[in-house]
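Numbering (the numbering used here), first residue to last: 8 to 204.
See below:
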């Protein structure tokens with residue numbers, strides 16, 4: 008069964024042309040609310056039942072994890088990430104496979120923005136990814152891959168736009184601080200790339 012992610016459920020990743028900026032300066036000048044990123048959840052319950060989860064249940068759980076992963080961008084330096092982030096344009100569950108208490112959700116993910124420690128990459132990609140499923144007494148859980156975070160585009164846009172607005176209202180921006188202006192420009196470039204179709 009093939010399902011397309013709606014704009015709100017797509018996993019967005021944030022692009023940037025330059026991930027490194029004077030980290031000490033930017034962190035000290037950023038508004039306090041932007042300095043600590045919330046932890047990104049690594050798993051979510053997709054069905055409390057013991058039966059095999061449906062494609063729709065897997066899609067909903069994976070989409071929810073993708074929206075939550077956007078919290079990794081809530082930091083003083085959202086474009087300097089420890090875990091690479093893929094901003095998802097479209098997500099499809101190709102199939103769900105289970106064997107006893109474990110299984111896999113086979114996905115196809117379309118993206119055009121990735122954020123890594125080296126910076127942003129704006130290359131269009133279609134990849135096939137397999138997410139682990141586990142059954143425990145509470146039901147079936149989907150587990151996000153540890154090597155990268157998949158973020159819905161809409162969630163990334165909301166987080167980055169809010170950060171850009173907050174930075175623009177900061178004292179450092181009012182004083183035309185070059186580090187903050189550079190960070191604002193990188194976030195604006197990333198938002199522009201994310202809003203392209």
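Virtual Cβ for every residue (Gly too), placed ideally from N, Cα, C.
Does the beta-carbon distance from residue i to residue j come in below 8 Å?
i: residue 147; j: residue 54; result: yes
i: residue 131; j: residue 115; result: no
i: residue 112; j: residue 149; result: yes
i: residue 155; j: residue 95; result: no
i: residue 91; j: residue 121; result: yes
i: residue 151; j: residue 74; result: no
i: residue 175; j: residue 191; result: yes
Measuring alpha carbon to alpha carbon, tell me which residue in the options is nearest residue i.
i: residue 63; options: 47, 92, 103, 88; result: 103
i: residue 50; options: 202, 192, 170, 140; result: 140
i: residue 135; options: 83, 97, 194, 190; result: 97
i: residue 84; options: 189, 157, 70; result: 189
i: residue 160; options: 126, 127, 201; result: 201
i: residue 158; options: 72, 56, 68, 52; result: 72
i: residue 194; options: 117, 68, 171, 178; result: 171
i: residue 230; options: 59, 153, 123, 184; result: As displayed, the chain neither begins before 8 nor continues past 204, which places residue 230 out of reach and without an answer.
i: residue 203; options: 127, 183, 119, 177; result: 119
With a CB to CB cut of under 8 Å and the five nearest residues on each side skipped, what residues in its chain are close to residue i?
i: residue 109; result: 139, 140, 141, 142
i: residue 56; result: 146, 147
If I follow the unbroken alpha helix (DSSP H) through residue i, where does it start and stop?
i: residue 7; result: Any property of residue 7 remains undetermined from this structure, which presents the chain solely from 8 to 204.
i: residue 216; result: For the chain, the structure presents residues 8 to 204; residue 216 sits outside this window and is missing.
i: residue 70; result: 62 to 76
i: residue 173; result: 160 to 175
Between which residues of its own chain and residue i is the CB-CB distance below 6 Å, once the five residues before and five after are set aside?
i: residue 8; result: Caution applies to residue 8, whose pLDDT of 35 falls short of 50 and renders its modelled position unreliable; the value that the coordinates give is listed next. Result list for residue 8: 62, in chain order.
From which residue to which residue does the beta strand (DSSP E) around residue i run?
i: residue 115; result: 109 to 123
i: residue 135; result: 132 to 143
i: residue 126; result: 126 to 128
So, at 7 Å on beta carbons, what are the nonlocal neighbours of residue i in its own chain, with the 5 sequence-adjacent residues on each side left out?
i: residue 3; result: For the chain, the structure presents residues 8 to 204; residue 3 sits outside this window and is missing.
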